[in-house]
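> First the structure, which I've put down as structure tokens, then a few questions once you've had a look.
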Amino acid sequence: MPLPLIYHEDYSPEFPADHRFPMDKFRLLRDHLVDSGLTRDADLLRPEICPNDILALAHDRAYIERYMSGELSREDQRRLGLPWNEALARRTVRAVGGSILAAEKALEHGLACHLAGGTHHAHYDYPAGFCIFNDLAIISHYLLQSGRVNRVLIFDCDVHQGDGTARILHDTPEAITVSLHCEKNFPARKAESDWDIPLPKGMGDADYLNVVDDTLNYLLPLYQPDLVLYDAGVDVHKDDALGYLQLTDEGVAARDESVMRHCLGRDIPVMGVIGGGYSKDRHALARRHGILHHSAQRVWQSHGCH
10 MPLPLIYHED YSPEFPADHR FPMDKFRLLR DHLVDSGLTR DADLLRPEIC PNDILALAHD
70 RAYIERYMSG ELSREDQRRL GLPWNEALAR RTVRAVGGSI LAAEKALEHG LACHLAGGTH
130 HAHYDYPAGF CIFNDLAIIS HYLLQSGRVN RVLIFDCDVH QGDGTARILH DTPEAITVSL
190 HCEKNFPARK AESDWDIPLP KGMGDADYLN VVDDTLNYLL PLYQPDLVLY DAGVDVHKDD
250 ALGYLQLTDE GVAARDESVM RHCLGRDIPV MGVIGGGYSK DRHALARRHG ILHHSAQRVW
310 QSHGCH
């Protein structure tokens, strides 16, 4: 059986080419994974749209309605930083469906990866930082409330703090939020995760990987979660436009492999989302995001998941 990978054509709608948010990276990532022989388009799993009732497990219903009907306030539009149209709204709820499907496949097979996801700046009733609905928080509530897991751990390695996730899940002790992020970076006002690990600007591969290993060696035995949601943001990369860390391609690959091996070595299913990554060179960015899926494939083969 191939490694479960989740994607949908809705992920890269028409979008202003000069916009800071690289909306075409999802399609380019799919192209890269097919061209590099990691997967075939026919093997990619296509998700359903996430229904409002599931979105509402982590978000205010009035906010969901406002966004879906294109009636966000100007202040919310500014916080979000994305234009609105129907295709983008559909993409938003389709991608949450994709993260849910990836989590379900991880519970079933041990490992699964999304070709999108990681919208960790979205808050209960407002958007922020290109994030509208918080897939990590939604999955956590969805799986906990349906009784499919008793405890979930979110391991967020995006260079920016997962502030929305931390705030939405603040009163949910069964969802443990862990954020490794560059200290001096967006958001200016940090939230309080269960475990915040602020990193100094300019940190490179070796020091970063030590932090990842130490953190997982401590937290996984402590909490023994039934599922890990891994936000594999590549904005930790030295060439990222919005990050201040100095990881190389090799460092990112070592991080991704390490996280997945830590989890699977303890029989904990793990699901990967791509998180943040910003570059004017969209093809280079797609390859960088693809490090997650190539790393997952190596782990999948050596662990004999299925």
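Numbered according to my numbering, the sequence shown spans residues 10 to 315.
Positions of the beta carbon are idealized from the N, C-alpha and C atoms, including for glycine.
Values in this document were obtained by computation on a predicted structure and should not be read as measured data.
1) Could you check the C-alpha separation between His132 and Lys114 for me, to the nearest Å?
2) Please classify Leu231 as buried or exposed, where buried requires at least 16 other C-beta atoms within 10 Å of its C-beta.
3) Residues bridged to Met280 by DSSP?
4) Excluding the 5 residues flanking Asp69 on each side, which residues of the same chain have their C-beta closer than 7 Å to its C-beta?
5) Can you grab the Cα-Cα spacing for the pair Leu12 / Arg307, in whole Å?
6) May I ask you to report which of helix, strand or coil DSSP gives Ala137?
7) Please name the residue or residues paired with Ile163 in a DSSP beta bridge.
8) Counting Cβ pairs, one atom from each stretch, are 3 or more of them under 8 Å apart for the segment 175-194 and the segment 244-253?
9) Assuming Gly173 and His130 make a contact with CB atoms under 8 Å, what is their CB distance in whole Å?
10) Compute the distance between the beta-carbons of Glu259 and Asp214, then report whether it is under 9 Å.
11) Grouping DSSP H, G and I as helix and E and B as strand, with all else coil, what is Cys59?
12) Mind pulling the alpha helix (DSSP H) runs of 4 or more residues that sit fully within the segment 34-59?
13) Answer with buried or exposed for Met10, where buried requires no fewer than 16 other C-beta atoms within 10 angstroms of its C-beta.
14) Going by DSSP, what residues sit across from Pro92 in a beta bridge?
15) Please work out which residues of its chain come closer than 7 Å, Cβ to Cβ, to His17, disregarding the five sequence neighbours upstream and downstream, and give them in chain order.
16) Since Leu66 contacts Tyr151 with CB under 8 Å, what's their CB separation in whole angstroms?
17) Shortest alpha-carbon distance to Ile147 belongs to which of Tyr20, Leu64, Leu110?
18) Quick one: give me the first and last residue of the alpha helix (DSSP H) that Leu225 is part of.
19) For Leu301, does the three-state DSSP call read helix, strand or coil?
20) Out of Arg99, Asp240, Glu95, Arg270, state which residue places its alpha-carbon closest to the alpha-carbon of Asn226.
21) If contacts are defined as beta-carbon pairs under 8 Å, then Leu301 and Cys140 qualify, I think. What distance do you get, rounded to the angstrom?
So, from the data block:
1) Taking the first residue of the sequence shown as 1, we reach residue 132 at position 123. Taking the first residue of the sequence shown as 1, we reach residue 114 at position 105. Each residue's alpha carbon lies about 26 Å from the other.
2) Locating residue 231 in the sequence shown gives position 222, where the first residue counts as 1. Per the 10 Å Cβ criterion, exposed.
3) Translated into positions along the sequence shown, residue 280 becomes position 271. Per DSSP, Ala121, Leu238.
4) Sequence index remark: in the sequence shown, residue 69 carries index 60 (1-based). Excluding residues within five positions, the ones whose Cβ falls inside 7 Å are Tyr133, Asp134.
5) Locating residue 12 in the sequence shown gives position 3, where the first residue counts as 1. Locating residue 307 in the sequence shown gives position 298, where the first residue counts as 1. Rounded to the nearest angstrom, the two C-alpha atoms are 10 Å apart.
6) Position 128 of the sequence shown holds residue 137. Three-state DSSP puts Ala137 in a strand.
7) Walking along the sequence shown from the start, residue 163 turns up at place 154. Answer by DSSP bridge pairing, in chain order: Thr186, Leu238.
8) yes
9) Taking the sequence shown and counting its residues from 1, one reaches residue 173 at position 164. Taking the sequence shown and counting its residues from 1, one reaches residue 130 at position 121. With 8 Å as the limit, Gly173 and His130 qualify as a contact, their Cβ atoms being about 5 Å apart.
10) Numbered from its first residue, the sequence shown carries residue 259 at position 250. Numbered from its first residue, the sequence shown carries residue 214 at position 205. Their beta carbons are under 9 Å apart, which means Glu259 touches Asp214 by this criterion.
11) Translated into the one-based positions of the sequence shown, residue 59 becomes position 50. Coil at Cys59, not helix or strand.
12) 34-44
13) One-based indexing of the sequence shown puts residue 10 at position 1. Label assigned to Met10: exposed.
14) For the purposes of this step, residue 92 is taken as residue 83 along the sequence shown, with counting starting at 1. Paired residue(s): none; Pro92 is not in a bridge.
15) Numbered from its first residue, the sequence shown carries residue 17 at position 8. Arg55, Pro56, Arg103, Gly107.
16) As a position in the sequence shown, residue 66 is number 57, starting the count at 1. As a position in the sequence shown, residue 151 is number 142, starting the count at 1. The Cβ separation is near 6 Å, so the contact holds.
17) Taking the first residue of the sequence shown as 1, we reach residue 147 at position 138. It is Leu64 whose Cα lies nearest to the Cα of Ile147.
18) Along the sequence shown, one-based indexing puts residue 225 at 216. Leu225 -> alpha helix (DSSP H) spans 214-232.
19) Taking the first residue of the sequence shown as 1, we reach residue 301 at position 292. Three-state result, Leu301: helix.
20) What you label residue 226 is simply residue 217 of the sequence shown in a count that begins at 1. The shortest Cα separation from Asn226 among Arg99, Asp240, Glu95, Arg270 belongs to Arg270.
21) Mapped onto the sequence shown, residue 301 falls at position 292. Mapped onto the sequence shown, residue 140 falls at position 131. Not really, about 19 Å apart at Cβ, beyond 8 Å.
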